[in-house]
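J.: Structure provided below as structure tokens; questions to follow.
Protein chains: 2
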Amino acid sequence: MSKNEKISNSVIRRLPRYYRFLGELLNEGITKISSRELAERMSVTASQIRQDLNCFGGFGQQGYGYNVSELRGEIGAILGVNEDHAAILIGAGNLGRALAVHLDYGRYGCRLCGIFDSNENLKGEILGGVKVSPMSELESFCIKNKPIIAMLCIPKDAAPEICEKLTELGVKAFWNFSHYDIPQKNLPGVTVENVHLGDSLMYLCYGINDKRASDEKPEN
Amino acid sequence: MSKNEKISNSVIRRLPRYYRFLGELLNEGITKISSRELAERMSVTASQIRQDLNCFGGFGQQGYGYNVSELRGEIGAILGVNEDHAAILIGAGNLGRALAVHLDYGRYGCRLCGIFDSNENLKGEILGGVKVSPMSELESFCIKNKPIIAMLCIPKDAAPEICEKLTELGVKAFWNFSHYDIPQKNLPGVTVENVHLGDSLMYLCYGINDKRASDEKPEN
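Chains as they are written, first to last, in my numbering: chain A, 12 to 231; chain B, 12 to 231.
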């Protein structure tokens, strides 16, 4: 991993998208591609692509383009798609159960191995091939199975306590869908991805209002 | 909206988070706050907060801090939280139904008014207070109700065609959860927010691997 020690966060953020598009190219039987063609497909500039991918030592060859399979493999390795991180889901409400069944975790280097919910009525239900267990079994499960990732689909008020408890139990990463921003700074050595779907929807709505405002002022 | 004509996308992206944190302050009865205190809560720098909020003409007063309610109101107005955008959901599978019931659309300036699914067995089911209709009724519904936002929770292969059809029917914004990147450039005047949950999970996994790599090399 020495090549990417100084890679900016924003470049890392873009890697999953590269990985996806390169996978699509492979599916289409395309084995090499120029930065210009890749840029066109991804609606970014060729210069951004070259800059981003040079960060990792530069996979491309001048005048030849990128070897799609090789580049995808290298990005996948950086992202850790071949890992097998044990993940648990806390909260099997609407969003939790959607996440349990919607995602093919193996593709991302994870494996969903436990689901927990405080609602005892859900006990024993199978979601995405995994049984829902009561919260009372969380601690013993973690000690035995050592999950690295916890996905939180729980109410805001419950999040801080669960987060602290799971950190003590060895969880190293939170994929957090609760309406609570897990403060990264309080958890050294722990990776946090706070996903606020509402923020994304607000950003979309901003776009509508902004475009409408531009349309109403054609003179600008 | 004239103040924010030149605001960068990254600042706009951060506004929903400000809006959320300011709402929490109000709930706690806090009516004014300095950039330093807000920075501490939000785990960002005070200088970033001042820069971000100065873009909008500067709400703060030197030595006094921000008026929380006023600032939240201004940001909310920029984001359009008082709008009433009609939204439809296409695809009432696991993720679609979670989105239908999980979010309080009114808080974001939207209103879910229609849900459509190609599975005829779902016809008539109520999700989030809205009835699921068959796809055959989509066109007449759009002509009558003029939805502005379409949330897509459909398979990748179905997305391009639906997207084109809905654009023709007057949809101005796509909140897209399908595994297809709607290309913004092909849709002038339309706002697109492609949400790839898998990308977010990959970024989280990168963080785990990256932290582990640092731990294994304490000499760096």
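A virtual CB, placed ideally from N, CA and C, is assigned to each residue, including glycine.
Would you tell me roughly how many angstroms separate the C-alpha atoms of Lys222(A) and Gly200(B), rounded to the nearest one?
T.: The alpha-carbon atoms of Lys222(A) and Gly200(B) are separated by roughly 7 Å.
J.: Nearest chain A C-beta to Arg122(B) closer than 9 Å, yes or no?
T.: It does not: the Cβ of Arg122(B) has no partner Cβ on chain A nearer than 9 Å.
J.: First and last residue of the beta strand (DSSP E) that includes Pro171(A)?
T.: Element bounds for Pro171(A): not the beta strand (DSSP E) but the alpha helix (DSSP H), 170-179.
J.: Chain B partners of Arg108(A), CB-CB under 8 Å?
T.: Result: Asn105, Ala109.
J.: At which residues does the alpha helix (DSSP H) containing Lys222(A) begin and terminate?
T.: Here the alpha helix (DSSP H) through Lys222(A) covers 208-227.
J.: Can you tell me where the alpha helix (DSSP H) holding Glu35(A) begins and where it ends?
T.: Start and end: 20-38.
J.: How close, in whole Å, do the beta carbons of Val182(B) and Ile159(B) come, if the pair is a contact with beta carbons under 8 Å?
T.: Confirmed, about 7 Å.
J.: Just to confirm, is the Cβ distance from Leu123(A) to Ile154(A) under 9 Å?
T.: Not a contact, by the Cβ cut-off of 9 Å.
J.: Since Cys216(A) meets chain B, which of its residues come closer than 7 Å, beta carbon to beta carbon?
T.: Neighbours of Cys216(A) on chain B, chain order: Leu90, Gly91, Glu94, His96, Tyr119, Gly120, Cys121.
J.: Using the beta-carbon of each residue, which ones in chain A are nearer than 8 Å to Asn38(B)?
T.: The premise fails here: Asn38(B) is roughly 11 Å from chain A at the closest Cβ pair, so nothing lies under 8 Å.
J.: What did DSSP end up calling Asp128(B) once you bin it into helix, strand or coil?
T.: The answer is strand: DSSP assigns Asp128(B) an E or B state.
J.: Counting only the same chain and skipping the five closest in sequence on each side, list residues whose C-beta sits under 6 Å from that of Ser189(A).
T.: Counting only Cβ-Cβ distances below 6 Å, and skipping sequence neighbours, we find Leu163, Ile165, Lys167, Ala170.
J.: DSSP has Ile44(B) in a bridge; who is on the other side?
T.: Its beta-bridge partners are Tyr77(B).
J.: Enumerated in chain order, which unbroken segments of the beta strand (DSSP E) with a length of 3 residues or greater are wholly contained in the segment 91-150 of chain A?
T.: Within the segment 91-150 of chain A, the complete beta strand (DSSP E) runs of at least 3 residues are 96-101, 121-128, 141-145.
J.: Compare the C-beta of Lys142(B) against all C-beta atoms of chain A and say whether one is closer than 9 Å.
T.: It does not: the Cβ of Lys142(B) has no partner Cβ on chain A nearer than 9 Å.
J.: Between Val143(A) and the ligand FMN, is the CB less than 8 Å from at least one heavy atom?
T.: Within the structure as shown, the ligand FMN is missing, as the structure has no ligands at all.
J.: How should Tyr116(B) be labelled, buried or exposed, when 16 other C-beta atoms within 10 angstroms of its C-beta is the threshold for buried?
T.: Under this definition Tyr116(B) is a buried residue.
J.: From Gly125(B) to Gly107(A), what distance separates their C-alpha atoms?
T.: When rounded, the distance between both Cα atoms is 23 Å.
J.: Could you name the residues of the segment 154-169 of chain B whose beta carbon sits closer than 8 Å to any beta carbon of chain A, in the order they occur along the chain?
T.: Listed by position along the chain: Ile159, Ile160.
J.: Kindly list, in the order they appear in chain A, the residues whose Cβ is closer than 8 Å to that of Arg28(B).
T.: Correct list: Asp192, His207, Asp210.
J.: Would you kindly work out how many angstroms separate the C-alpha atoms of Arg52(B) and Gly135(A), rounded to a whole number?
T.: Cα to Cα, the separation comes out at about 39 Å.
J.: Among Thr42(A), Glu39(A), Leu90(A), which has the Cα closest to the Cα of Tyr30(A)?
T.: For Tyr30(A), the nearest C-alpha among the options comes from Leu90(A).
J.: Following the continuous alpha helix (DSSP H) through Leu198(A), name the residue where it begins and the one where it ends.
T.: It is not in any alpha helix (DSSP H) - Leu198(A) carries neither H nor E in the DSSP assignment.
J.: Ala57(B) touches chain A at which residues, Cβ-Cβ below 9 Å?
T.: Under the 9 Å cutoff, chain A gives no residues; its nearest Cβ is about 15 Å from Ala57(B).
J.: Would you verify that the beta carbon of Ser19(B) is, or is not, closer than 9 Å to some beta carbon of chain A?
T.: No, its Cβ sits nowhere closer than 9 Å to a Cβ of chain A.
J.: Taking Ile165(A) as part of the alpha helix (DSSP H), name the residues at either end of that continuous run.
T.: No alpha helix (DSSP H) contains Ile165(A), which DSSP labels as neither H nor E.
J.: What is the DSSP secondary structure of Phe188(B), counted as helix, strand or coil?
T.: Phe188(B) falls in the coil class under three-state DSSP.
J.: Along the alpha helix (DSSP H) that carries Ser58(B), what are the first and last residues, could you check?
T.: Its alpha helix (DSSP H) spans residues 57-65.
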